[in-house]
Amino acid sequence: MADPQEVLARRVQSALGAAFGSEYADADPVIRPSQFADFQANVALALAKQLRRSPRDAAAAIVEHLDVSDVCREVEISGPGFINLTLRDEWIADRVQDLLSDERLGTPVQERQNIPIDYSAPNVAKEMHVGHLRTTVVGDALARTLEFLGHHVIRQNHIGDWGTPFGMLIEHLLEVGEDSADAALLKSDPNAFYQAARAKFDGDEDFATRARRRVVALQSGDAETLRLWHDLIELSKIYFNRIYDRLDVTLTDDDLAGESTYNDMLGPICDELSEKGLAVVSDGALCVFLDGFTGREGKPVPLIIRKSDGGYGYATTDLATIKYRVEQLKADRIVYVIGAPQSLHLRMVYETARQAGWLGDAEPIHVQIGNVLGSDGKILRTRSGAPIRLMALLDEAVERASAVVAETRPELDEQTRAAIARDVGIGAVKYADLSIAHDTEYVFDFDRMLALNGNTGPYLQYAVARIRSIFRRGGLDPAQATGPVLVTEPAERALALRLLGFGPTVVQVGDTLEPHRLCAYLFDLAQAFTAFYEACPVLKAERDDVRASRLALTAATLSTLVKGLDLLGVRAPEQM
RNA sequence: GCGCCUGUAGCUCAGUGGAUAGAGCACCGGACUUCUAAUCCGACGGUCGCAGGUUCGAAUCCUGCCAGGCGCGCCA
């Protein structure tokens with residue numbers, strides 16, 4: 001067990017049992033990182049009243065029964081009753097030594113859960129925008145992290161591939177020709193295609209009529225219409241996959257589970273909800289009304305599962321996703337990485353599913369994605385007010401990174417520089433999305449996300465590049481840097497202690513579904529490494545054993561940073 | 001009107017009910033014959049929106065208020 005907090009928690013619990021009786025042995029020992037020691041146990045203050053003793057008395061009793069001599073160098077009662085715990089240097093060194101031969105870097109394998117993750121969800125024949133970027137990047141990081149923790153992750157890309165706009169889109173595709181340049185726009189600039197179709201729909205009455213008729217044909221399964229519809233989706237998939245490739249996202253065609261895949265479930269869902277008395281007709285629409293959901297003037301908010309024209313909306317489809325994921329995918333947790341504004345809608349969907357008895361023991365979780373804002377504090381758009389094209393935005397990030405690389409590394413060949421610029425530019429954008437709490441809005445700023453200082457992708461990538469440079473210079477293989485690890489210098493100690501935090505952090509990210517905690521950890525680790533790098537020569541260490549130890553610390557930092565970035569979906573280039 | 005979210009340093013953001021609330025940027029002062037100075041060190045900077053409450057202890061939990069954002073019946 002490498003996690004100091006966990007080790008100390010168990011020891012303190014034993015002491016609690018010994019000091020106050022077995023009924024206290026499972027009390028939370030409240031171990032926290034401390035500014036006065038490595039950790040502090042605050043349990044004495046929490047239990048003092050219950051024990052009818054002063055907090056310092058309680059702390060003294062705990063310390064008296066506390067057996068940590070192998071782990072801690074110093075145990076001290078401080079202030080009103082804090083127990084300050086300082087780890088032994090050798091204990092820290094031994095734990096880092098363990099990490100060197102542990103491919104999981106101290107991360108436990110958890111009991112396997114089935115976890116469908118719904119993320120990305122772009123629309124066919126529509127440009128992805130920065131909102132899609134964020135759900136894609138965050139969802140992908142969660143998928144990678146949960147998989148690493150041992151879970152069975154089922155990626156679900158709930159693309160918008162059904163609905164009334166398809167009449168207009170299909171009709172437009174038919175007019176321009178499936179092999180035309182206009183149709184090819186779907187692969188590169190889908191909004192241009194969509195807007196052309198829209199313009200015809202709004203301006204041409206005959207076209208609009210044909211489009212409406214086409215929707216009916218689509219819904220009734222007309223073969224030729226379905227073929228065209230399928231074409232649209234194929235062309236759009238090319239666009240999606242271009243974006244996913246560029247972004248280094250793990251989504252593939254196998255993960256596509258668009259709205260249309262649930263079509264057959266929608267009617268039966270409405271029937272079942274009606275039979276169960278959950279759904280009633282109101283103003284011609286089939287609705288579910290739930291207690292506690294009221295809107296304007298106290299009127300109950302309906303979840304409309306069948307529109308008055310007989311069509312189905314997204315509420316029904318979302319209900320279908322729950323049913324499918326519970327019944328077919330055997331989900332334990334169902335993760336929806338979706339915009340924060342849909343919170344009310346999703347709560348109603350979850351509650352409806354629960355009342356219908358579809359949820360079982362599965363837990364649906366909404367990972368709320370906050371809006372991405374421009375520097376003006378409003379939803380990010382171009383100066384003309386149009387949504388920003390995602391590919392153009394990614395290109396700009398790479399271009400900016402490219403300019404910096406050209407300036408700072410002129411000696412590298414063009415191909416190498418381009419590869420670095422690509423990793424840094426894309427990594428910067430992704431990391432910016434990941435490093436901020438997913439449910440808050442954040443201000444998009446190229447200059448800040450590409451900065452080499454601060455909690456940025458490039459800063460972490462640079463730390464990795466410097467480490468690799470050390471091994472390159474020394475003609476050494478990180479895998480051969482096996483120590484033994486010695487901890488003497490303060491910077492060595494601080495770095496070693498940080499290294500022990502990786503596993504616990506990954507576990508926390510899996511529990512809370514908050515990737516920004518991993519970012520904060522990695523940033524902290526990189527800072528500790530940089531301080532170490534400044535203070536402790538590695539290759540030029542004056543003694544062989546010190547050199548071997550520092551190489552081992554450096555190698556452990558390398559694998560931790562690379563693994564952490566990998567879980568986030570951020571590449572770490574060989575050099576920068 | 002109801003509901004959800006947010007309010008922390010000039011700016012962008014962290015912050016597990018624990019001691020003196022942190023980081024990056026910006027500003028100021030230092031550090032390159034050195035494993036990548038694109039990196040580091042230091043200083044400056046706070047009535048944690050306001051007011052109550054719970055608690056031994058509150059940025060954190062509860063209530064009210066203020067400000068901003070978003071949502072609230074046939075788009076998704």
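Numbered by full-length UniProt numbering, the letters in the first sequence go through residues 1 to 576 in order.
C-beta: ideal position from N, C-alpha, C; glycine also.
No experiment lies behind these values; they were computed from the predicted model shown.
- Taking a contact to require three or more Cβ pairs closer than 8 Å, the segment 31-46 and the segment 68-80 qualify as touching.
- Measuring C-alpha to C-alpha distances from A401 to each of R155, Q342, L100, A418 identifies A418 as the nearest.
- Non-local beta-carbon contacts of Y262 in its own chain, meaning distances under 6 Å to residues more than five positions away in sequence, involve T317, A320 in chain order.
- Comparing alpha-carbon positions, the option among R381, N455, Q368 lying closest to T440 turns out to be Q368.
- Using a 10 angstroms sphere on the CB of H230, the tally of other CB atoms stays under 16, which defines it as exposed.
- In the DSSP annotation of this structure, Y239 is not part of any beta strand (DSSP E); the continuous alpha helix (DSSP H) holding it starts and ends at 223-247.
- In the displayed model, D67 falls within coil according to three-state DSSP, outside both helix and strand.
- Of E147, F82, C72, I170, the smallest CA-CA separation from V43 is found for F82.
- The DSSP-derived three-state label of Y119 is coil.
- With fewer than 16 neighbouring CB atoms inside 10 Å of its own CB, V280 falls in the exposed class.
- In this model, T382 and L393 are separated by some 10 Å (Cα to Cα).
- If you draw a straight line from the Cα of A46 to the Cα of S54, it comes to about 11 Å.
- Within the UniProt domain "DALR anticodon binding" (460-576), complete alpha helix (DSSP H) segments of at least 4 residues are found at 490-499, 502-512, 516-535, 544-568, given in chain order.
- By the Cβ criterion, the segment 431-438 is in contact with the segment 515-523, since at least three pairs of Cβ atoms, one from each stretch, lie closer than 8 Å.
- For the options L497, A437, R389, the alpha carbon positioned closest to that of H132 is the one of R389.
- A279 sits in a strand when the DSSP states are folded into three classes.
- Excluding sequence positions up to five before and after R212, its CB lies within less than 7 Å of the CB of G167, all in the same chain and listed in chain order.
- Per DSSP, reduced to three states, the secondary structure at N453 is coil, with no helix or strand assignment.
- A211 sits in a helix when the DSSP states are folded into three classes.
- Residue range 300-306 is occupied by the beta strand (DSSP E) that includes L303, with no alpha helix (DSSP H) assigned at that position.
- Rounded to the nearest angstrom, the Cβ distance from A121 to T135 is 7 Å, consistent with a contact under 8 Å.
- Put simply, of F471, R468, I436, I467 the residue whose alpha carbon is nearest the alpha carbon of G454 is I436.
- For N84, the enclosing beta strand (DSSP E) stretches over residues 82-87.
- Nearest C-alpha to A572 among A60, G425, H366: G425.
- Looking at the DSSP output, Y312 sits in no beta bridge, so it has no partner there.
- Ranking L149, S101, R52, F207 by CA distance to the CA of G503 puts L149 first.
- Under DSSP, Y442 shares a beta bridge with V372.
- Residue pairing by DSSP puts N157 in a beta bridge opposite L256.
- Counting C-beta atoms within 10 angstroms of its own C-beta, I238 has fewer than 16 neighbours from the protein chains shown and is therefore classed as exposed.
- D118 sits close to V337, with the two beta carbons spaced by under 8 Å.
- For Q195, the uninterrupted alpha helix (DSSP H) run begins and ends at 190-203, by DSSP.
- Cβ-Cβ distances below 6 Å link P478 to F471, A555, L558 in the same chain, with the five nearest sequence neighbours on each side left out; the list follows chain order.
- Contact annotation, L513 with L142: C-beta distance approximately 6 Å; criterion of less than 8 Å satisfied.
- When DSSP reads this structure, G339 sits in a beta bridge with I369.
- Within the same chain, and ignoring the five residues on either side of H65 in sequence, the residues whose Cβ sits closer than 6 Å to its Cβ are A15, A18, A19.
- In the three-state DSSP reduction, S435 falls in the helix class (H, G or I).
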